[in-house]
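If you read the sequence shown in the numbering used here, its first letter stands for residue 72, the second for the next number, and so on.
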Amino acid sequence: MDFPQWLAASRLRVEAVLREALAARLPMSTPGPARRGDAILHEAMVYGLLGGGKRVRALLVIAAGEAVDADASWCAQVGAAIECIHAFSLVHDDMPCMDDDALRRGQPTVHVKYGEAQALLVGDALQTLGFELLTDLDAPPDRVVRLAKSMACATGLQGMAGGQAIDIEAVGQTMTQAELESMHALKTGALIVSAVEMGAICGDPPATEMTAMREFARRIGLAFQVADDILDVSADAATLGKTPGKDAAANKPTFVALLGLTGAQDYARGLHQEALDALAPLGRRASRLGALAQMLVQRSY
């Protein structure tokens, strides 16, 4: 199938896993004023997890898995797991104590629709759901442990949470390019690297191929963030599905602020090429990863 067909089919597979996981956890509750809090939480989880999105990280899992002949059902479930982690991070990131955003994918953010307390719980529950999906995987235990370790490291202090903590303290500060790259390698890049790594783990490739795929992911993870910074100053809310100009308004360091718009665009193109070069050891088997890289760098939202 061609790339657009592959995108659609892969997203459908991941969505099916997510819907099944949420349906299996539907609480028994009564309607009206006596409605239990867990039913509200479940509804808010559905809203936060199934409200659209590009499913970039799941697609990277599947594409990486295909490159090393991994089990397709494993990759779909692992892709769903990492989408739970990504969704939890967005729910928390949008809250007033973080980025304080009222719009996500063109809809009210979870805390706007359900309140801050429920939004906090939604993020917590989605994070644990991601790890439930990994531990439910019908794969050898040692493989499951490697997958869980990858996702846990990418989520915590040495990954996304650590990067977010740096980002909070960086408001109003001047950062060098190296410092900005280090921050985003944690905040954005770690989960992207984990997505590619977990897809590869599902196929258990030789060390040389795993190294190549990790390097690809590091390059494209940084390019993804540079593209995000570019879109924040060049796209409108209708296209982005979220509030543009938030970083500049909050006086956050960005690649556009540091390099200028043209410089940031050139930098993204260079990172894209470096990512493609890193895939050379895999040859044509990595064609889906290469196509995804182009989509991520050249996206309009």
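We put the CB at the ideal spot given by N, CA and C, even for glycine.
Given the structure is predicted, the values throughout are model-derived calculations rather than measurements.
Shortest alpha-carbon distance to residue i belongs to which of the options?
i	options	result
L192	A115, E137, G123	A115
D238	K258, S81, A351	K258
D110	L121, L97, G122, G119	Looking at the sequence shown, residue 110 is not Asp but Ala. Among L121, L97, G122, G119, the Cα nearest to that of A110 is on L97.
A94	H113, W77, V85	H113
L83	A129, L161, Q244, V183	A129
S160	S221, A357, W145, T180	T180
Q76	G243, L367, R359, S371	R359
D303	L293, A320, A152	A320
A80	D164, A173, S144	S144
L342	R355, A236, L262, E252	E252
A92	L228, G177, C146, V117	V117
A87	A236, T279, R126, M366	R126
I156	D171, L174, A261, L78	A261
R356	Q148, Y185, P276, A236	P276
G201	L228, G234, A158, Q178	A158
L281	H255, A135, M72	Here residue 281 turns out to be Met, not Leu, going by the sequence shown. Here the closest residue by C-alpha is A135.
Y372	A328, V327, F326, S305	S305
Q336	Q369, L174, P352	Q369
Q198	A232, G177, P167	A232
D207	Q148, D73, A328	Q148
R289	V264, I272, A283, A271	V264
F326	E345, P352, A351, D299	D299
C273	E345, E240, D209, G234	D209
Quick one: what does DSSP say residue i is sitting in, helix, strand or coil?
i	result
Q178	strand
A352	The sequence shown places Pro at residue 352, rather than the Ala named in the question. Helix at P352.
C155	helix
C224	helix
G194	helix
S371	coil
P75	helix
D275	coil
G361	helix
L208	coil
G341	helix
C146	helix
V267	helix
K323	coil
Q374	The requested residue 374 does not occur in the structure, where the chain is confined to residues 72 to 372.
G58	Beyond the ends of the chain as shown, which are 72 and 372, falls residue 58; an answer cannot be given.
R96	coil
M169	coil
Between residue i and residue j, is the Cβ-Cβ spacing less than 8 Å?
i	j	result
L205	A219	yes
A349	F287	yes
A362	I291	no
V216	G150	no
V183	I153	no
I301	L332	yes
L367	A294	yes
V162	G119	yes
L422	L121	This structure leaves residue 422 out entirely; the chain is present only between 72 and 372.
V297	A266	no
K323	D172	no
C146	G230	no
D165	R176	no
Under DSSP, the alpha helix (DSSP H) around residue i begins and ends at which residues?
i	result
K317	317-320
I260	Strictly speaking, residue 260 in this sequence is Gly, with Ile absent from that position. Counting along the chain, G260 falls outside any alpha helix (DSSP H), and DSSP gives it neither H nor E.
V127	127-138
Q229	Counting along the chain, Q229 falls outside any alpha helix (DSSP H), and DSSP gives it neither H nor E.
A141	Counting along the chain, A141 falls outside any alpha helix (DSSP H), and DSSP gives it neither H nor E.
M254	248-255
M116	108-120
Could you check if residue i belongs to the surroundings of the ligand SAH, using beta carbon to heavy atom distance under 7 Å?
i	result
A357	This structure lacks the ligand SAH, and indeed carries no ligand of any kind.
So, do the region 133-140 and the region 198-213 have three or more beta carbon pairs nearer to each other than 8 Å?
In short, these stretches do not touch, since the Cβ pair count stays below three.
Between the region 224-232 and the region 244-251, can you find at least three pairs of beta-carbon atoms closer than 8 Å?
Too few Cβ pairs lie closer than 8 Å, so no.
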